[in-house]
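Numbering (our numbering), first residue to last: 1447 to 1784.
Ideal Cβ placement from N, Cα and C applies to all residues, glycine included.
Quick caveat: nothing in here was measured; it's all calculated off a predicted structure.
First the structure, in the form of structure tokens, and then the observations on it.
Structural data, given as structure tokens:
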């Protein structure tokens, strides 16, 4: 169930948003909001970077993964911001989205949760790099074969013939609200996140959905009888092959589903690698499997995140890894939901 974000102009015609609700961080000051949001994100990433070698870092990382599992439509930066402001948030949408699409109203006295909203314009768009013609002219170091100063060996194209499209120009703060901050028409229950049913051994539907997702993404899956299984691991993705072949042991469906989520993650992230089980890659695959498992209600209590493998990474590298984890989990979840 996806909900688009409200724009600032949409919200500012609604009841005021500066109400006192206890929150971990506060972005209510409009004059400093953008800077406060950026500073909070930078501080959060820096703390995670500094804590990679102790248990605190693993717990902070797990909390972000929990938020990502509930809010997989949102970017890593936005899920971190949502978690900072309302750790128990489970589904967020803009003020008018709740009202117009879900027939629910924001309760009086609730404070907005602030996230980053992409700003776009519609303009002629370079078919290679996705930027506007004037961006080519203003950026001399732009690495695009269609830029005016590109090497002569590149085929040039007339910008006048480019088609129009949406071009990202930046980001601005936008307010959203969690479902717990609203009231009105009940939301439909989501049967695919019924953790109780999955934990009771009824994980066949989840396993089937993940098998279908793997095939849709492009990875064949073979279920091998336990009597024929001759490995210590319960599943394997042959990432040195293209496309990777995934094999899982035929066992309890919920357990097999968790194994499969992990191997799909390896296949998506590490195709072409001879050894995808190096510690830093294993963290990525385990994190993706954790998000997918939490989303579908699988038992993820055995997940381990040894972030020491990321020790020494710069904040930008950690941010990029989180983006990779987020995008990969969303890709698997959406394919399985389909």
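- By alpha-carbon distance to residue 1511, the top candidate from 1670, 1577 and 1769 is 1769.
- Take the alpha-carbon of residue 1665 and the one of residue 1654: they are about 14 Å apart.
- The alpha-carbon separation between residue 1783 and residue 1709 amounts to approximately 18 Å.
- The count of Cβ pairs closer than 8 Å, one atom from the region 1476-1484 and one from the region 1699-1709, stays below three, leaving the stretches out of contact.
- Given a length threshold of 3 residues, the region 1473-1522 has no whole run of the beta strand (DSSP E) inside it.
- A buried status is given to residue 1739, since no fewer than 16 other beta-carbon atoms sit within 10 Å of its beta-carbon.
- Between residue 1472 and the set 1540, 1689, 1532 and 1555, the nearest pair of CA atoms involves 1532.
- In the DSSP annotation of this structure, the continuous segment of the beta strand (DSSP E) that includes residue 1560 starts and ends at 1559-1570.
- Our two residues, residue 1568 and residue 1614, have alpha carbons roughly 9 Å apart in a direct line.
- In this structure, 1744 is the residue among 1523, 1509, 1744 and 1474 with its C-alpha nearest to the C-alpha of residue 1651.
- A Cβ-Cβ distance of about 18 Å is found for the pair residue 1779 and residue 1529, leaving them out of contact under the 8 Å criterion.
- Leaving aside the five residues that flank residue 1693 on each side, the residues in its chain whose CB is nearer than 7 Å to its CB run, in chain order, 1668, 1670, 1681 and 1682.
- In this structure, the CA atom of residue 1538 is about 43 Å from the CA atom of residue 1677.
- Counting only runs that start and end inside the region 1521-1560, the alpha helix (DSSP H) elements of at least 4 residues fall at 1522-1531 and 1541-1548.
- Between residue 1729 and residue 1491 the beta-carbon gap is near 16 Å, outside 8 Å, which marks them as no contact.
- For residue 1676, there is no enclosing beta strand (DSSP E), as DSSP marks it with neither H nor E.
- Residue 1697 has its alpha-carbon roughly 11 Å from the corresponding atom of residue 1673.
- Distance from residue 1550 to residue 1629 at the Cβ level is roughly 6 Å; contact confirmed, criterion being Cβ atoms closer than 8 Å.
- By the neighbour-count criterion, in which 16 or more other beta carbons inside 10 Å mark a residue as buried, residue 1493 falls on the exposed side.
- Annotated as distal: residue 1746 and residue 1713, with beta-carbon spacing of 8 Å or more.
- Under DSSP, the beta-bridge partners assigned to residue 1629 are 1551.
- Counting along the chain, residue 1618 sits inside the beta strand (DSSP E) bounded by residues 1610-1624.
- Under the DSSP assignment, residue 1669 falls in the beta strand (DSSP E) whose first and last residues are 1667-1670.
- The beta carbon of residue 1690 sits closer than 7 Å to those of 1665, 1683, 1684, 1713 and 1717, all from its chain and outside the five residues before and after it, given in chain order.
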